[in-house]
Amino acid sequence: MKTTNVIKLYEEISVFNEILTDNSRIGHKIGFFFVDTFSIRRHRLLRRAIATLYGLNSPVDLATLTAFFSERGLLEAVGGWRYLKYISQYNQKNSEWQKGPFNDIQSQYVK
1 MKTTNVIKLY EEISVFNEIL TDNSRIGHKI GFFFVDTFSI RRHRLLRRAI ATLYGLNSPV
61 DLATLTAFFS ERGLLEAVGG WRYLKYISQY NQKNSEWQKG PFNDIQSQYV K
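Given below as structure tokens:
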């Protein structure tokens, strides 16, 4: 069960990376994922923020998301700007679960 959750976690990160890399994918991607679809709170918050910014016709990128969460006092709740940067630079092809600054994500956030 935990392995499935870890795989799902990295699939979520991959979806967010696609959106941050190419905002034209937001309308296509966000409609498929309800807030409850995401396995951890920080991803549910991130999904809501992306939908809100998209609805306001704002760009969805590292700077806007950082400002969005910071203004609402939620930056640490989503893992800080470093986690947002990690998502924006995530490369699924070259990623291994044990690499990167968030290699403890499995033990901390997957239940």
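Heads up: the sequence shown begins at 1 in the working numbering, then just goes up one per residue. Yeah, the Cβ is synthetic: ideal placement off N, Cα and C, and Gly gets one too.
The three-state secondary structure of residue 39, taken from DSSP, is coil. The beta-carbon distance between residue 51 and residue 65, rounded to whole angstroms, is 12 Å. This is too long to meet the 8 Å contact definition.
A distance below 7 Å separates the beta carbons of residue 19 and residue 29. Listed in chain order, the non-local C-beta contacts of residue 38 below 7 Å within the same chain comprise 12, 44 and 47, local neighbours out to five positions each way being set aside.
DSSP places residue 84 inside the alpha helix (DSSP H), whose first and last residues are 80 to 89.
When the beta-carbon positions are compared, residue 17 and residue 90 come within less than 7 Å of each other. Counting other Cβ atoms within 10 Å of its Cβ, residue 79 reaches 16 or more and is therefore classed as buried.
Secondary structure of residue 60 (DSSP, three-state): coil. Residue 55 carries a helical assignment under DSSP once its states are collapsed to helix, strand and coil.
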